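Chains as they are written, first to last, in this note's numbering: chain E, 1 to 289; chain A, 1001 to 1191.
Structure first, commentary second.
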Amino acid sequence: MCPVVKQKEEPRKIPPKYLLLIFTVLCIGLMVFTFTRQIPLTVAEDAAGVLIVPFQKGITDVGSAMVAFVAEQHTIEELKEENRLLQEEIDELNRQNAQLLQDGYELADLRALYELDNSYSQYEKTGATIIAAGSGNRFNSFIIDKGRDDGIERDMNVIAGTGLVGIVTDVGKNWARVNTIISNGTNVSASVLHSQDNLIVSGDMELMQQGRIRYTQLSDKDKSVRPGDKIVTSNISDKYLPGILIGYISTVDTDSNQLTYSGQIEPIVDFDHLSYVLIILQKKETLED
Amino acid sequence: MTVKRILTGIVAVFLFFLIQSSVFKHLAYIGALPNLLLILTVSYGYLRGEQSAMIVGFFSGLLLDIFGMNVLGLYALIYVYLGYLAGTCHTWYEPVDFRIPLAMIFAGDLCVLLLEFVLFFVLNGDFGFRYYLTGKALPELAATMILSIPVYPLLLWIEERFVNVDPAEKKKKEDWNVADLAEAERKDGIS
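Now the structure itself:
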């Protein structure tokens, strides 16, 4: 008696609303369990690593070759630009040099720090190629081609050249994700090299596009901090090894409380053109061993 | 036909994620990354309906979660809902009209970008909406729209050429078209 003619064509389909409900419960369950770490992420990460990473490596190789080809076409312009930047760097270094020569006490301090600097260059490091951009908050993290099998662990520091790039936040079997210090919401405890004044370096969406990082809470009691001063990671940071160069101060502004200073830092790492990074295998928490 | 759908779905998610993460990272200099997986999810919603779009959305989101987030399931959830909403527009499916799917991709990307702003910026205590809008949201939206102009027709072509070749389905579609035409003619006659 029912007037509705039943369609025979789609007997297999679960009604969309039920499917939506199933997926919603599944996703929320995944979020809760992975957030509380009851289900380790590693299973999914390993599976994805095995399936995706080899292809990403291949594409990166081809892509790098293409980029290298294009880069050759722009060599002259780039060289000019690089020359200009180097000239700026020389100016900055000259300024710094003069300052250092003037102050014997600062020099002694720097020597002490230089030893520290040496010690960080003695840490065991491993090189890795960036094979993909991280997909979450997209500009700010990237995937490298080394993972748990190569001894990479969470919270290991990542550098490029002599500058700090970021920290390992996720590790798969053959890949790891690095969160950069310029990314939004990242805070690094740092200090001014010559005066040991502490400050907080914070990634910022707005400045990221100009290739700069913001710093806040600089407590500079003798007002000795000038643009061009070196900023390194601080001893009191809980995740970053001490004495890794972050960049140079480019502006100093007085905060409204008249006690602390804030401004911008020119990072030493060129985050736009990263392709190869070094991971320090020594972690801060195990440093005392 | 179902097998073909599943196969093309898997290949599309896999390929689009690879292109998105590995090829487009070279575009990051210009500050605009097109969101391919969003185009895929919304397009499948329009082409295939809720079920396919939700499954494609779930796996797209899961990949984004695995490679970009500390918690699994957040992007998966967002993309499942995106797929569901896009899938409800499947009733308007009409192969020759590109305006509806492009508008859907635009609306979907806008929603996801606003949601990302709330989740990753506002909840972090960062309220710089203007910079988010001009620095990330608008370039990404523009890049996604520009890319969807070739990508959607490609998906449509694959769908029509290889997937929807089941005779019963074809006949059904023709019947639909005939019915639509009759309806349109009737309306014209009245006005």
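Each residue gets a CB set at the ideal place from its N, CA and C atoms; glycine is no exception.
Keep in mind the model is a prediction, meaning the values are calculated, not measured.
Cβ of residue i within 8 Å of any chain E Cβ
i	result
Gly1068 (chain A)	yes
Asn1124 (chain A)	yes
Met1210 (chain A)	Only positions 1001 to 1191 of chain A appear in this structure, which leaves residue 1210 (chain A) out of reach.
Gly1009 (chain A)	no
Phe1059 (chain A)	no
Glu1194 (chain A)	A query on residue 1194 (chain A) cannot be resolved here, the shown segment of chain A reaching from 1001 to 1191 and no further.
Tyr1046 (chain A)	no
Gly1135 (chain A)	yes
Phe1121 (chain A)	yes
Glu1050 (chain A)	yes
Gly1108 (chain A)	no
Tyr1131 (chain A)	yes
Tyr1084 (chain A)	yes
Ala1076 (chain A)	yes
Leu1072 (chain A)	yes
Test item: CB-CB of residue i and residue j under 8 Å
i	j	result
Val225 (chain E)	Tyr276 (chain E)	no
Thr216 (chain E)	Ser237 (chain E)	no
Phe1067 (chain A)	Leu1040 (chain A)	no
Ala68 (chain E)	Ser1021 (chain A)	no
Ile265 (chain E)	Ile244 (chain E)	no
Met31 (chain E)	Leu1074 (chain A)	yes
Leu281 (chain E)	Thr169 (chain E)	no
Ala160 (chain E)	Ile144 (chain E)	no
Val1080 (chain A)	Phe23 (chain E)	yes
Met1104 (chain A)	Val1042 (chain A)	yes
Lys1018 (chain A)	Gln56 (chain E)	The amino acid occupying residue 1018 (chain A) in the given sequence is Leu; Lys does not appear at that position. Yes; because the gap between Cβ atoms is below 8 Å, this pair is in contact.
Ile200 (chain E)	Val1023 (chain A)	no
Val188 (chain E)	Thr233 (chain E)	yes
Glu153 (chain E)	Lys283 (chain E)	yes
Leu1036 (chain A)	Leu1147 (chain A)	yes
Gly1083 (chain A)	Gly1125 (chain A)	no
Residue i burial status per 10 Å Cβ neighbour count (16 or more: buried)
i	result
Ser256 (chain E)	exposed
Pro267 (chain E)	buried
Glu1094 (chain A)	exposed
Asn157 (chain E)	buried
Lys1136 (chain A)	buried
Leu241 (chain E)	buried
Ser1060 (chain A)	buried
Phe1117 (chain A)	buried
Ile1010 (chain A)	exposed
Asp1065 (chain A)	buried
Phe1129 (chain A)	exposed
Asp204 (chain E)	buried
Ala1012 (chain A)	buried
Glu81 (chain E)	exposed
Gln290 (chain E)	It is not possible to answer for residue 290 (chain E), since the shown part of chain E is limited to 1 through 289.
For residue i, the nearest candidate out of the options (CA to CA)
i	options	result
Asp91 (chain E)	E:Thr254, E:Asp229, E:Ile244	E:Asp229
Ala1143 (chain A)	A:Leu1007, A:Leu1038, A:Ile1010	A:Leu1038
Cys27 (chain E)	A:Phe1117, A:Leu1063, A:Met1104	A:Leu1063
Asp197 (chain E)	E:Ile231, E:Glu78, E:Arg212, E:Ala128	E:Ile231
Gly185 (chain E)	A:Val1122, A:Leu1085, A:Ser1043	A:Val1122
Asp272 (chain E)	E:Ile182, E:Gln87, E:Leu93	E:Ile182
Thr1134 (chain A)	A:Ala1012, A:Ala1032, A:Phe1024, A:Val1011	A:Ala1032
Gly211 (chain E)	E:Val171, E:Val252, E:Tyr248, E:Thr36	E:Tyr248
Trp175 (chain E)	E:Glu206, E:Phe142, E:Glu124	E:Phe142
Leu259 (chain E)	E:Asn235, E:Val252, E:Ser219	E:Ser219
Asp46 (chain E)	E:Glu78, E:Gly147, E:Leu79	E:Gly147
Tyr1046 (chain A)	A:Gly1087, A:Leu1036, A:Ala1012, A:Phe1129	A:Gly1087
Leu19 (chain E)	A:Ile1006, A:Cys1089, A:Ala1053, A:Val1096	A:Ala1053
Ala48 (chain E)	E:Val25, E:Gly172, E:Asp222, E:Thr180	E:Gly172
Pro1139 (chain A)	A:Phe1014, A:Pro1034, A:Leu1007	A:Pro1034
Leu278 (chain E)	E:Ala98, E:Ile130, E:Asp103, E:Pro15	E:Ile130
Ile213 (chain E)	E:Gly263, E:Thr162, E:Val53	E:Gly263
Asn1070 (chain A)	E:Asp253, E:Pro54, E:Asn83, E:Arg177	E:Arg177
Lys239 (chain E)	E:Thr75, E:Arg37, E:Asp149, E:Gly166	E:Gly166
Chain A within 8 Å of residue i, Cβ atoms only
i	result
Met31 (chain E)	yes
Asn137 (chain E)	Low per-residue confidence applies at Asn137 (chain E): pLDDT is 47, beneath 50, and the placement is therefore not dependable, though the value from the model is reported in the following sentence. Taking Cβ atoms only, chain A reaches closer than 8 Å to Asn137 (chain E), which makes this a yes.
Arg177 (chain E)	yes
Ser141 (chain E)	yes
Ile131 (chain E)	yes
Val170 (chain E)	The sequence given here has Asp at residue 170 (chain E), not Val. It does; some Cβ of chain A falls within 8 Å.
Met311 (chain E)	Residue 311 (chain E) falls outside the range modelled here, since chain E spans only 1 to 289, and no answer is possible.
Gln210 (chain E)	no
Lys6 (chain E)	Note on Lys6 (chain E): pLDDT 49, under 50, position unreliable in the model; no value is reported.
Leu19 (chain E)	yes
Gln217 (chain E)	no
Thr34 (chain E)	yes
Glu45 (chain E)	yes
Contacts that residue i makes with chain D (C-beta to C-beta distance below 9 Å)
i	result
Pro54 (chain E)	Absent here is chain D; the protein component of the structure consists of chains E and A.
Does the segment 1098-1112 of chain A come close enough to the segment 186-195 of chain E to have 3 or more Cβ pairs within less than 8 Å? no
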